[in-house]
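**Q** The structure under discussion is supplied below as structure tokens; questions concerning it will follow.
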Amino acid sequence: MSENQNLLAEQRRALILDEVRRRGGVRVNELTRKLNVSDMTIRRDLDALSRQGVIEKVHGGAVPVVEPSTHEPGFEAKSALELSAKEDIARAAAALAVPGSAIALSGGTTTFALARHLLEVPDLTVVTNSVRVADVFHDAQRPAAGRGTRPGAATVVLTGGVRTPSDSLVGPVADRAIDALHFDVLFLGVHGISTEAGLSTPNLAEAETNRRFVRAARRIVVVADHTKWGTVGLSSFAALEEVDTFVTDAGLAPEVRGEIAEHLPGLLVAGESPARTSPSGASPASGG
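Residue 84 in the UniProt record's numbering sits at position 84 of the sequence shown, with consecutive numbering throughout.
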């Protein structure tokens, strides 16, 4: 890691997390030298990462938290993490949705945030296996007193299936529904993403349902905050090379961005100018 006094807190913490995971543990004094910041700054960063559950503080440093590959947090637990990053990602990803197109949204807290921004995109046809995402559109379209559904409101299709801890519907019923459909673009949330494992989830049934989504879409847009990088779930369902655009936040370490750019055409970092991201990542995902 290169020394930089001007790193934003999120970027610095992403670098620290990457170092902890890569080396299996780091000491505070090593991080202060590498990042050229104070001991107190590093300790605050470690406290923040510990609260997120991605590292464990030990005497003089930190080690990674290794969760079972089958561990699947519930929707409420995940909703409390990286709120500002998810909101930035959602806003940026919504700009890729073309009015009048057919889109799919998978389950997850980032796609849930995205759904609220998609309410402003007219005439969408939305297919989702997320109960929470469907509720966003349903609540927005509930007629006010004396009024009908607003013009341009989305047509929403909720697949059937078995409910997961993340409030997604998966299994054969969901799979058959998705197999019969075709989408201009899929907005896909993920449990984990890495170069080796690609996109992964701890839920085997959800992995199969996500495979169906990927096959049915002309373009694939992954929406995931920087903490998802390097996480690997039990089952992989798509390779990194199958993704057209990865929308993430500014906490993603620079060296990771370079690694990602070698495997997919579009990287869109929310909150940064298009000049600092891959040009293809800033173009509308029209599926044309």
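We treat Cβ as the ideally placed atom computed from N, Cα and C, and that holds for glycine. Predicted, not measured: the structure shown is a model, and the values here were computed from it.
Could you tell me whether the Cβ atoms of Ser168 and Gly100 are closer together than 7 Å?
**A** Here residue 168 is taken as the residue at index 168 of the sequence shown, counted from 1. Here residue 100 is taken as the residue at index 100 of the sequence shown, counted from 1. For Ser168 and Gly100, no; Cβs fall outside 7 Å.
**Q** Helix, strand or coil: how does DSSP classify Leu264 here?
**A** On the sequence shown, position 264 is the one that residue 264 refers to. It is coil, neither helix nor strand.
**Q** Could you tell me whether the stretch 156-171 touches the stretch 200-209, using the rule of 3 or more Cβ pairs below 8 Å?
**A** Yes, since at least three Cβ pairs between the stretch 156-171 and the stretch 200-209 fall closer than 8 Å, the two stretches touch.
**Q** Rounding to the nearest angstrom, what Cα-Cα distance links Thr111 and Leu186 in this structure?
**A** Residue mapping note: residue 111 aligns to position 111 of the sequence shown, counting from 1. Residue mapping note: residue 186 aligns to position 186 of the sequence shown, counting from 1. Approximately 11 Å, taken between the alpha carbons.
**Q** So the beta strand (DSSP E) Glu196 belongs to, where does it begin and stop?
**A** Counting from 1 along the sequence shown, the entry for residue 196 is found at position 196. No beta strand (DSSP E) contains Glu196, which DSSP labels as neither H nor E.
**Q** So who's on the other strand from Glu56, going by DSSP bridges?
**A** One-based indexing of the sequence shown puts residue 56 at position 56. In DSSP, Glu56 forms a bridge with Val63.
**Q** Report the CB separation of Val136 from Ala115 in whole angstroms; it is logged as a contact under 8 Å.
**A** The residue you call residue 136 lines up with position 136 of the sequence shown. The residue you call residue 115 lines up with position 115 of the sequence shown. Rounded, the Cβ-Cβ distance is 4 Å, consistent with contact.
**Q** For Ser236, which option in Leu252, Ala207, Val223, Phe213 has the closest C-alpha, if you only look at C-alpha atoms?
**A** Here residue 236 refers to the residue found at position 236 when the sequence shown is read from its first residue. Of the listed residues, the one whose Cα sits closest to Ser236 is Ala207.
**Q** If you run the structure through DSSP and keep just helix, strand and coil, what is Arg44?
**A** Looking up residue 44 in the sequence shown gives position 44. It is helical.
**Q** Quickly, what does DSSP pair Ile220 with across the bridge? List them, please.
**A** As a position in the sequence shown, residue 220 is number 220, starting the count at 1. Looking at the DSSP assignment, Ile220 forms a beta bridge with Leu186.
**Q** Given a threshold of 16 other Cβ atoms within 10 Å of its Cβ, counted over all protein chains shown, does Glu262 qualify as buried or as exposed?
**A** For this step, residue 262 is matched to residue 262 along the sequence shown. Exposed: under 16 other Cβ atoms inside 10 Å.
**Q** For Leu252, I'd like the list of residues in its chain whose CB is within less than 7 Å of its CB, leaving aside the five on either flank, ordered along the chain.
**A** Residue numbering aside, residue 252 sits at position 252 when the sequence shown is read from its first letter. So the qualifying residues of the chain are Ala14, His226, Trp229, Val269.
**Q** Starting from the Cα of Thr155, find the closest Cα among Ala134, Ile55, Ser50, Leu8 and give me that residue.
**A** Within the sequence shown, the letter at position 155 stands for residue 155. For the residues Ala134, Ile55, Ser50, Leu8, the minimum Cα distance to Thr155 belongs to Ala134.
**Q** Are Gly198 and Ala239 close, meaning C-beta to C-beta below 7 Å?
**A** For the purposes of this step, residue 198 is taken as residue 198 along the sequence shown, with counting starting at 1. For the purposes of this step, residue 239 is taken as residue 239 along the sequence shown, with counting starting at 1. It is a contact, given that the beta carbons lie within the stated cut-off.
**Q** Is the separation between the beta-carbon of Val26 and that of Gly53 shorter than 7 Å?
**A** Residue mapping note: residue 26 aligns to position 26 of the sequence shown, counting from 1. Residue mapping note: residue 53 aligns to position 53 of the sequence shown, counting from 1. The answer is no: Cβ separation not under 7 Å.
**Q** Which residue's Cα is closest to the Cα of Asn29: Arg22, Ile42, Leu17, Glu19?
**A** Residue 29 sits at position 29 when you count from the first residue of the sequence shown. Residue Ile42 is the option with its Cα nearest to Asn29.
**Q** Looking at chain D, is there any beta carbon in it that lies within less than 7 Å of the beta carbon of Val214?
**A** Looking for chain D here will not work: only one protein chain is present.
**Q** Can you check DSSP and say which residues form a bridge with Arg27?
**A** Residue numbering aside, residue 27 sits at position 27 when the sequence shown is read from its first letter. For Arg27, which the question treats as bridged, DSSP gives the partners Gly61.
**Q** Give me the Cα-Cα distance between Ala250 and Ile55, rounded to the nearest whole angstrom.
**A** Position 250 of the sequence shown, counted from the start, is the residue given in the question as residue 250. Position 55 of the sequence shown, counted from the start, is the residue given in the question as residue 55. Whole-angstrom Cα-Cα distance: 20 Å.
**Q** Return the CA-CA distance between Leu46 and Ala140, expressed in angstroms with no decimal places.
**A** As a first step, residue 46 is located in the sequence shown; it is residue number 46 there, counting from the start. As a first step, residue 140 is located in the sequence shown; it is residue number 140 there, counting from the start. Computed Cα separation, rounded: 40 Å.
**Q** With C-beta atoms as the reference, is Asp184 less than 7 Å away from Arg218?
**A** One-based indexing of the sequence shown puts residue 184 at position 184. One-based indexing of the sequence shown puts residue 218 at position 218. Cβ atoms of Asp184 and Arg218: closer than 7 Å.
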